[in-house]
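Per my numbering, residue 3 is the first one in the sequence shown, and the count goes up by one each step.
No residue lacks a Cβ here, since even glycine has one placed at the ideal position from N, Cα and C.
For reference, the structure discussed in these notes is given below.
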Amino acid sequence: MFDEILKQIERVKNEEVRSNPSRIADALVWFSSMYASMTEQLVDLELGYNRELVAQLQADISVAKAEAIAKTSTAYRDYLKGKQLEKALIEVIRSLKYWIRVKEDEYSETN
């Protein structure tokens, strides 16, 4: 899913997409839908990291050491990637909304 979102972000950067208001509106709907799906996946990724942390804590080591070990896991890496993509997705949604608002203003000024 994450790779698909990144590809769509690149597609929106394309001039052809930005020049077509209906495509921008479609992209906004798609990104909003992906954001909703992504938040659910982020919960699962965070749960995976927390399970890794609990496993380390059960090894009878200090909390700081358990956290350090858990943060080197792939579960934590995937969680961080997801959080970064979430931030990028929010910015894309904001940008698309702003672009639509600007185009609406331009349209109302010309009519």
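Counting only runs of 4+ residues, the alpha helix (DSSP H) found wholly inside the stretch 38-80 occupies 65-72, in chain order. I71 and Y81 have their alpha carbons spaced roughly 15 Å apart. Straight-line measurement puts the Cα of T74 at about 13 Å from the Cα of R53. Contact annotation, F33 with L98: C-beta distance approximately 7 Å; criterion of less than 8 Å satisfied.
For I102, the closest alpha carbon among the candidates E12, P23, I11 is that of P23. Only buried fits L47, as 16 or more other CB atoms lie within 10 angstroms of its CB. R13 and A57 have their C-alpha atoms spaced approximately 41 Å apart.
A Cβ-Cβ distance of about 6 Å is found for the pair I11 and V94, placing them in contact under the 8 Å criterion. The C-alpha of M36 lies about 29 Å from the C-alpha of E108.
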